[in-house]
Amino acid sequence: MDDIDRQLLTLLRHNGRRSISDLAGELGLSRATVRARIERMEAQGDIIGYTVILKADAIAMPVRGIVMIEVEGRAADRVIDVLGGFPEVSAVHTTNGRWDIVVEFATLNLSDLDAVLRRIRLIQGVTASETHLLLATPRSTQARL
1 MDDIDRQLLT
11 LLRHNGRRSI
21 SDLAGELGLS
31 RATVRARIER
41 MEAQGDIIGY
51 TVILKADAIA
61 MPVRGIVMIE
71 VEGRAADRVI
81 DVLGGFPEVS
91 AVHTTNGRWD
101 IVVEFATLNL
111 SDLDAVLRRI
121 RLIQGVTASE
131 THLLLATPRS
141 TQARL
């Protein structure tokens with residue numbers, strides 16, 4: 001992968017539906033070259049798919065953070081299932097070390113955050129948690145409106 005491929009991927013990350021002609025114009029390449037590069041990256045597995053990003057998913061919620069969760073025994077699958085039903089939860093990760101699960105969340109305000117944390121602590125199998133608020137995101141590959 002060279003610098004042109006990386007520039008092409010950056011453009012596609014911001015708008016995966018841009019036309020080949022538009023991409024070619026911005027990169028100063030022919031349409032055939034851009035098409036060939038995209039097809040090569042798809043064939044090699046560098047690009048594994050395209051998706052739709054809903055407005056609701058792209059609008060930044062003012063209160064964002066992560067919650068590290070400790071789970072007793074073998075309750076991790078049950079806890080993960082429950083967390084999957086929380087609309088405030090954007091991602092659930094299993095991990096190693098002190099914490100078993102890391103949850104990314106977003107809420108409109110601190111009162112909503114308090115309610116989410118209360119609900120997390122009430123999940124059967126959760127034995128401890130630690131919450132960190134995200135203050136700024138200098139770099140992200142997620143779409144922004």
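Counted from 1, the sequence shown has number 17 at position 17 by full-length UniProt numbering; the numbering is strictly sequential.
Heads up, the beta-carbon is just placed ideally off N, CA and C, and yes, glycines get one too.
- Message: With three or more C-beta pairs closer than 8 Å as the rule, is the region 58–76 touching the region 103–113?
- Response: Touching, per the Cβ criterion.
- Item | Whole-number beta carbon distance between residue 63 and residue 86, since they are thought to touch under 8 Å | Cβ-Cβ separation between residue 86 and residue 63: approximately 14 Å, too far for a contact (criterion under 8 Å).
- With a CB to CB cut of under 8 Å and the five nearest residues on each side skipped, what residues in its chain are close to residue 119? Around residue 119: 86.
- Item | Of the listed residues 10, 60, 99, nearest to residue 137 (C-alpha basis) | When each option's Cα is compared against that of residue 137, the closest is 60.
- Task: For residue 111, name the three-state secondary structure that DSSP assigns.
- Result: Helix.
- Please confirm if the region 72–92 is in contact with the region 35–54, defined as three or more CB-CB distances below 8 Å between the two stretches. No contact exists between the region 72–92 and the region 35–54.
- Excluding the five sequence neighbours on either side, which residues of its own chain have a C-beta within less than 6 Å of the C-beta of residue 91, listed in chain order? Sequence-distant Cβ neighbours of residue 91 in its own chain, meaning closer than 6 Å and more than five residues away, are 104.
- Task: Name the two residues that bound the continuous alpha helix (DSSP H) containing residue 72.
- Result: First-last for residue 72: undefined, no H or E at that position.
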